[in-house]
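Undergrad:
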(Lines of atoms letter the chains of each structure in order from A and count residues from 1; the text may use other names and numbers.)
(Lines give C-alpha, C1' and ligand atoms only; values in the text may rest on other atoms or scores of the structure.)
Protein backbone atom coordinates (compact mmCIF):
# COMPACT_ATOMS: atom_id res chain seq x y z
CA UNK A 1 0.00 0.00 0.00
CA UNK A 2 1.32 3.42 -0.96
CA UNK A 3 2.08 5.66 2.00
CA UNK A 4 2.01 9.45 1.82
CA UNK A 5 4.16 11.72 3.96
CA UNK A 6 2.26 14.94 4.60
CA UNK A 7 3.23 18.07 6.53
CA UNK A 8 0.45 18.34 9.11
CA UNK A 9 1.85 20.51 11.90
CA UNK A 10 3.70 23.64 10.86
CA UNK A 11 6.75 24.74 12.83
CA UNK A 12 4.98 27.58 14.71
CA UNK A 13 2.32 25.15 15.96
CA UNK A 14 4.95 22.68 17.10
CA UNK A 15 6.94 25.34 18.94
CA UNK A 16 3.74 26.59 20.57
CA UNK A 17 2.88 23.07 21.74
CA UNK A 18 6.21 22.35 23.40
CA UNK A 19 6.65 25.87 24.78
CA UNK A 20 3.21 25.67 26.38
CA UNK A 21 4.01 22.27 27.88
CA UNK A 22 7.28 23.60 29.34
CA UNK A 23 5.53 26.66 30.77
CA UNK A 24 2.83 24.55 32.45
CA UNK A 25 5.49 22.43 34.14
CA UNK A 26 7.31 25.56 35.27
CA UNK A 27 4.11 27.16 36.55
CA UNK A 28 3.22 24.12 38.63
CA UNK A 29 6.72 23.97 40.13
CA UNK A 30 6.94 27.69 40.94
CA UNK A 31 3.42 27.76 42.40
CA UNK A 32 4.29 24.97 44.81
CA UNK A 33 7.71 26.36 45.73
CA UNK A 34 6.31 29.83 46.40
CA UNK A 35 8.46 32.59 47.87
CA UNK A 36 10.83 34.20 45.39
CA UNK A 37 9.87 31.57 42.82
CA UNK A 38 6.62 33.50 42.38
CA UNK A 39 8.55 36.05 40.33
CA UNK A 40 9.08 33.34 37.74
CA UNK A 41 5.52 32.16 38.20
CA UNK A 42 4.33 35.56 37.01
CA UNK A 43 6.82 35.62 34.15
CA UNK A 44 5.70 32.20 32.98
CA UNK A 45 2.09 33.28 33.35
CA UNK A 46 2.67 36.23 31.03
CA UNK A 47 4.43 33.88 28.63
CA UNK A 48 1.39 31.59 28.59
CA UNK A 49 -0.81 34.63 27.98
CA UNK A 50 1.30 35.51 24.94
CA UNK A 51 1.17 31.91 23.73
CA UNK A 52 -2.61 31.75 24.08
CA UNK A 53 -3.05 35.00 22.15
CA UNK A 54 -0.70 33.65 19.49
CA UNK A 55 -2.66 30.37 19.23
CA UNK A 56 -5.94 32.24 18.95
CA UNK A 57 -4.64 34.20 15.96
CA UNK A 58 -2.74 31.26 14.48
CA UNK A 59 -5.92 29.22 14.71
CA UNK A 60 -7.36 31.60 12.14
CA UNK A 61 -4.41 32.15 9.79
CA UNK A 62 -2.01 29.27 10.46
CA UNK A 63 -1.33 26.06 8.58
CA UNK A 64 -4.22 24.04 7.15
CA UNK A 65 -4.49 21.59 10.06
CA UNK A 66 -3.68 24.14 12.76
CA UNK A 67 -6.71 26.28 11.96
CA UNK A 68 -9.73 25.91 14.20
CA UNK A 69 -11.88 25.39 11.13
CA UNK A 70 -10.00 22.13 10.50
CA UNK A 71 -11.04 20.59 13.82
CA UNK A 72 -14.24 22.34 14.76
CA UNK A 73 -16.46 19.25 14.71
CA UNK A 74 -20.18 18.95 15.23
CA UNK A 75 -21.58 16.88 18.15
CA UNK A 76 -22.83 14.34 15.58
CA UNK A 77 -19.31 13.92 14.19
CA UNK A 78 -17.96 13.41 17.70
CA UNK A 79 -20.60 10.78 18.49
CA UNK A 80 -19.85 9.03 15.22
CA UNK A 81 -16.17 8.91 16.15
CA UNK A 82 -16.89 7.61 19.65
CA UNK A 83 -19.10 4.86 18.18
CA UNK A 84 -16.16 3.56 16.18
CA UNK A 85 -17.19 4.94 12.79
CA UNK A 86 -14.65 7.71 12.19
CA UNK A 87 -14.61 9.95 9.13
CA UNK A 88 -11.61 9.39 6.80
CA UNK A 89 -10.18 12.80 7.77
CA UNK A 90 -10.37 12.14 11.52
CA UNK A 91 -6.90 10.61 11.54
CA UNK A 92 -5.14 13.45 9.74
CA UNK A 93 -5.06 16.35 12.16
CA UNK A 94 -6.90 16.42 15.47
CA UNK A 95 -9.54 13.73 15.86
CA UNK A 96 -12.97 14.88 17.12
CA UNK A 97 -12.08 13.72 20.63
CA UNK A 98 -8.64 15.26 20.42
CA UNK A 99 -10.13 18.51 19.14
CA UNK A 100 -12.52 18.62 22.10
CA UNK A 101 -9.62 18.18 24.51
CA UNK A 102 -7.69 20.97 22.78
CA UNK A 103 -10.54 23.46 23.07
CA UNK A 104 -11.23 22.52 26.69
CA UNK A 105 -7.56 22.78 27.65
CA UNK A 106 -7.18 26.16 25.95
CA UNK A 107 -10.32 27.44 27.71
CA UNK A 108 -9.15 26.19 31.10
CA UNK A 109 -5.70 27.71 30.60
CA UNK A 110 -7.28 31.01 29.57
CA UNK A 111 -9.38 30.96 32.74
CA UNK A 112 -6.30 30.12 34.81
CA UNK A 113 -4.28 32.97 33.32
CA UNK A 114 -7.21 35.35 33.61
CA UNK A 115 -7.80 34.59 37.28
CA UNK A 116 -4.06 34.79 37.89
CA UNK A 117 -4.12 38.36 36.63
CA UNK A 118 -6.83 39.07 39.21
CA UNK A 119 -5.27 37.14 42.12
CA UNK A 120 -3.62 38.48 45.26
CA UNK A 121 -1.72 36.40 47.81
CA UNK A 122 -2.02 39.26 50.34
CA UNK A 123 1.69 38.97 51.06
CA UNK A 124 3.93 40.18 48.25
CA UNK A 125 2.38 39.36 44.88
CA UNK A 126 -0.74 40.61 43.17
CA UNK A 127 -1.94 40.34 39.58
CA UNK A 128 -1.86 43.51 37.47
CA UNK A 129 -5.65 43.68 37.14
CA UNK A 130 -6.55 43.49 40.84
CA UNK A 131 -6.72 47.29 41.08
CA UNK A 132 -9.56 47.40 38.55
CA UNK A 133 -12.00 45.08 40.34
CA UNK A 134 -13.56 44.74 43.77
CA UNK A 135 -12.04 42.82 46.66
CA UNK A 136 -14.83 40.25 46.30
CA UNK A 137 -13.84 39.56 42.70
CA UNK A 138 -10.17 39.34 43.69
CA UNK A 139 -11.06 36.82 46.39
CA UNK A 140 -13.08 34.66 44.03
CA UNK A 141 -10.38 34.77 41.37
CA UNK A 142 -7.65 33.92 43.88
CA UNK A 143 -9.57 30.94 45.28
CA UNK A 144 -10.32 29.62 41.79
CA UNK A 145 -6.73 30.12 40.63
CA UNK A 146 -5.20 28.33 43.61
CA UNK A 147 -7.70 25.50 43.95
CA UNK A 148 -10.22 24.68 41.20
CA UNK A 149 -8.19 26.08 38.32
CA UNK A 150 -4.97 24.35 39.30
CA UNK A 151 -6.84 21.06 39.77
CA UNK A 152 -8.49 21.37 36.34
CA UNK A 153 -5.21 22.14 34.59
CA UNK A 154 -3.39 19.24 36.21
CA UNK A 155 -6.29 16.87 35.54
CA UNK A 156 -6.55 17.81 31.87
CA UNK A 157 -2.80 17.57 31.36
CA UNK A 158 -2.83 14.15 32.99
CA UNK A 159 -5.70 12.99 30.77
CA UNK A 160 -3.88 14.38 27.75
CA UNK A 161 -0.75 12.37 28.57
CA UNK A 162 -2.77 9.19 29.23
CA UNK A 163 -4.64 9.64 25.94
CA UNK A 164 -1.36 9.95 24.06
CA UNK A 165 -0.03 6.78 25.68
CA UNK A 166 -3.26 4.95 24.80
CA UNK A 167 -3.24 6.00 21.15
CA UNK A 168 0.47 5.29 20.72
CA UNK A 169 0.58 1.96 22.54
CA UNK A 170 -2.88 0.52 21.89
CA UNK A 171 -4.03 2.07 18.62
CA UNK A 172 -0.50 2.32 17.20
CA UNK A 173 -1.05 5.86 15.97
CA UNK A 174 1.75 8.35 15.41
CA UNK A 175 1.19 11.32 17.68
CA UNK A 176 4.53 12.34 19.17
CA UNK A 177 6.81 12.24 16.12
CA UNK A 178 4.54 14.46 13.96
CA UNK A 179 4.61 17.08 16.72
CA UNK A 180 8.40 16.97 16.50
CA UNK A 181 9.05 16.96 12.76
CA UNK A 182 5.62 18.04 11.53
CA UNK A 183 4.98 15.11 9.17
CA UNK A 184 2.51 12.25 9.27
CA UNK A 185 2.55 9.08 7.21
CA UNK A 186 -0.95 8.58 5.85
CA UNK A 187 -2.59 5.86 3.73
CA UNK A 188 -4.23 8.53 1.55
CA UNK A 189 -2.94 11.82 0.19
CA UNK A 190 -4.09 14.93 2.08
CA UNK A 191 -3.69 18.66 1.70
CA UNK A 192 -0.56 19.70 3.63
CA UNK A 193 -0.24 22.62 5.99
CA UNK A 194 1.71 25.56 4.66
CA UNK A 195 5.05 25.67 6.43
CA UNK A 196 7.45 27.79 4.41
CA UNK A 197 9.67 30.75 5.18
CA UNK A 198 6.91 33.28 4.57
CA UNK A 199 4.44 31.58 6.91
CA UNK A 200 7.12 31.32 9.59
CA UNK A 201 7.91 35.03 9.29
CA UNK A 202 4.19 35.73 9.62
CA UNK A 203 4.16 33.58 12.76
CA UNK A 204 7.05 35.61 14.21
CA UNK A 205 5.08 38.80 13.59
CA UNK A 206 2.01 37.33 15.29
CA UNK A 207 4.17 36.13 18.21
CA UNK A 208 5.77 39.56 18.58
CA UNK A 209 2.34 41.22 18.68
CA UNK A 210 1.11 38.59 21.16
CA UNK A 211 4.14 39.23 23.38
CA UNK A 212 3.34 42.93 23.14
CA UNK A 213 -0.16 42.26 24.45
CA UNK A 214 1.24 40.26 27.38
CA UNK A 215 3.80 42.99 28.13
CA UNK A 216 1.07 45.65 28.07
CA UNK A 217 -1.04 43.64 30.52
CA UNK A 218 1.96 43.21 32.82
CA UNK A 219 2.64 46.96 32.68
CA UNK A 220 -0.76 47.63 34.27
CA UNK A 221 0.55 46.39 37.61
CA UNK A 222 1.00 48.98 40.34
CA UNK A 223 4.76 49.41 40.99
CA UNK A 224 5.91 48.08 44.36
CA UNK A 225 7.66 50.59 46.63
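In UniProt numbering, the protein residues as written are 1 to 225.
For each residue, glycine too, the CB sits at the ideal point set by N, CA and C.
1) Between the region 18-25 and the region 68-82, can you find at least three pairs of beta-carbon atoms closer than 8 Å?
2) If you drop the 5 nearest sequence neighbours on each side, which residues of the same chain put their C-beta closer than 8 Å to that of residue 178?
3) Residues in its own chain within less than 7 Å of residue 218 by CB, not counting five upstream and five downstream?
4) With distances taken between CB atoms, is the gap from residue 63 to residue 13 smaller than 8 Å?
5) Taking C-alpha atoms, which residue in 6, 164, 97, 209 lies nearest to residue 83?
6) Could you tell me the distance, in whole angstroms, from the CA atom of residue 147 to the CA atom of residue 5?
7) Return the chain-ordered ranges of every beta strand (DSSP E) run that is complete within the region 141-215 and spans a minimum of 3 residues.
8) With DSSP as the reference, label residue 13 as helix, strand or coil.
9) So residue 109 and residue 52 are supposed to be a Cβ contact under 8 Å. How far apart are they, rounded?
10) Around the C-beta of residue 87, are 16 or more other C-beta atoms found within 10 angstroms, so that it is buried, or is it exposed?
11) Pull up the distance between the alpha-carbon of residue 149 and that of residue 162, whole angstroms please.
TA: Working from what's here:
1) no
2) Against the chain shown, residue 178 aligns to sequence position 178. For residue 178, the CB contacts under 8 Å within the same chain, skipping 5 residues up- and downstream, are 8, 9, 184 in chain order.
3) Indexing the chain shown from 1 puts residue 218 at position 218. Cβ within range, chain order: 46, 128.
4) One-based indexing of the chain shown puts residue 63 at position 63. One-based indexing of the chain shown puts residue 13 at position 13. Result yes, Cβ atoms of residue 63 and residue 13 sit closer than 8 Å.
5) Numbered from 1 along the chain shown, position 83 holds the residue referred to as residue 83. When only C-alpha atoms are compared, the closest one is 97.
6) Here residue 147 corresponds to residue number 147 of the chain shown, with the count starting at 1. Here residue 5 corresponds to residue number 5 of the chain shown, with the count starting at 1. Distance between the alpha carbons of residue 147 and residue 5: 44 Å.
7) 183-186
8) Here residue 13 corresponds to residue number 13 of the chain shown, with the count starting at 1. Helix, per DSSP.
9) As a first step, residue 109 must be located in the chain shown, where it is residue number 109. As a first step, residue 52 must be located in the chain shown, where it is residue number 52. At roughly 6 Å, the Cβ-Cβ gap stays under 8 Å, so residue 109 and residue 52 are in contact.
10) As a position in the chain shown, residue 87 is number 87, starting the count at 1. Its Cβ having fewer than 16 others within 10 Å, residue 87 is exposed.
11) For the purposes of this step, residue 149 is taken as the residue at position 149 of the chain shown. For the purposes of this step, residue 162 is taken as the residue at position 162 of the chain shown. Whole-angstrom Cα-Cα distance: 20 Å.
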